[in-house]
Amino acid sequence: MKSNFSSASDERLSVFINNLFVSAPACDKTVEVKTEILQNLTDKYNDLLKEGKTEDEAFNIAVGSLGDITPIIDELRIEYGNPQPSDGESYSGYIDGLKQKSALVISLAIMMYIASPVPYIFLRNKIGIIGTFVMVAVATGMLIYNKMTKPHELIRYENEKRNLKRAKRKNKIRQYKDIFIATLWVSIIPIYFIISFITHAWAITWIVFFVAVIITIWVEM
Amino acid sequence: MSIAADLIRGHTDMIILAHLLKEDSYGYKINRIMAEKTDNKFELKEATLYTAFRRLEESGFIISYWGDENTGARRRYYSITEEGRKEFLRLIDEWENAKIIIDKLISGSDI
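Chains as they are written, first to last, in the numbering used here: chain D, 258 to 478; chain H, 5 to 115.
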């Protein structure tokens, strides 16, 4: 029974450490740091149990002996988290560069969405439709790629910016805006095709993308 | 007590090296021996110890290796290098000097 208890609490320490390191980069080094710190805490925890402390007491004392690990996570991030800013380049310049790169990919994707009916409008045949589909697919792929390869630094920067905004009590509105914009862009492609296939007015239906861009800009302001 | 705590934190490297001179060891064990020696008055935070290990390792004063326990526990052990021994002697020398200087500075004050 004793061993059952202690393994359940090992689990508790392990969950605690995992939560602490949630913002650390996913790499071997992070795993090593977590293993080492978790083992030390587990040793301490088991010794405290032997001394007659209750599990809750032992857990709290062990966790209390951890100290401030933020510098350790920052170090991991600097070393492994993301591409390093080159020497001499300021942090804000580095962030601006990342943002510009991301903005360029998004602009190109939106341009492709807008231009996607062109092959069909000109060719008016199956190849035209395929061309249109391919352009939509590539544009969607670009947006997904952009989101997934977003550098750690930029996500952190945006989170910090978001936290700042939260402090200004705008978080609710921000959340609704984010959900609204995300929903808008996810639904715009089916809407575009439904309208287009019903009306067959391919020459004009692409305007829904333009409208979506206008709505996004308007909501963001 | 707070003077001692500050001094201990300020001399983490020297304390770790002193432990490793005797035998290879790991974070919790160093902390436990420290608590025993000080009647449970002093202990280093896990984060402080970890940061010191990394600093000492980067300077080449210690090396680390993963232990192969049968119990399922995986511990990272630390071992002092020749450079580390030299560094320890240098630190001890500095510490002795500092003690003499502080004693000089506070002695002879007529209270």
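C-beta atoms are modelled at their ideal positions from N, C-alpha and C, and glycine is treated no differently. All figures in this text were calculated on a predicted structure; none of them were measured in a lab.
query                                                                                                                                                            : result
Which one or two residues does DSSP pair with R80(H) in a beta bridge?                                                                                           : W70(H)
Taking buried to mean at least 16 other C-beta atoms within 10 Å of its own C-beta, is D344(D) buried or exposed?                                                : Its pLDDT being 44, under 50, D344(D) is placed unreliably in this model, and the value from its coordinates should be taken loosely. Exposed, by the Cβ-count rule.
Classify S271(D) as helix, strand or coil using the three-state DSSP reduction.                                                                                  : helix
Is there contact between the region 315 to 322 of chain D and the region 297 to 304 of chain D, where contact requires at least three CB pairs shorter than 8 Å? : yes
Okay, do the region 79 to 92 of chain H and the region 9 to 21 of chain H touch, 3+ Cβ pairs below 8 Å being the bar?                                            : yes
If we count the other Cβ atoms within 10 Å of its Cβ and call it buried at 16 or more, is W459(D) buried or exposed?                                             : buried
From what residue to what residue does the alpha helix (DSSP H) around E314(D) run?                                                                              : 312 to 321
Would you say E415(D) lies against chain H (beta-carbon separation less than 9 Å)?                                                                               : no
Check the Cβ-Cβ distances between K49(H) and every residue of chain D, and say whether any is below 9 Å.                                                         : yes
List, in chain order, every chain H residue whose beta-carbon is nearer than 7 Å to that of D300(D).                                                             : Y32
Would P447(D) be called buried (16 or more neighbouring beta carbons within 10 Å of its own) or exposed?                                                         : exposed
What alpha helix (DSSP H) runs, 4 residues minimum, are completely inside the region 359 to 439 of chain D?                                                      : 375 to 380, 383 to 405, 409 to 424
Counting only beta-carbon separations shorter than 9 Å, does T406(D) have a partner in chain H?                                                                  : no
Under 9 Å between the Cβ atoms of S373(D) and V393(D)?                                                                                                           : yes
In this structure, does DSSP put G345(D) in helix, strand or coil?                                                                                               : Caution is warranted here: a pLDDT of 45 is assigned to G345(D), below 50, making its placement in the model unreliable, and no coordinate value can be reported.
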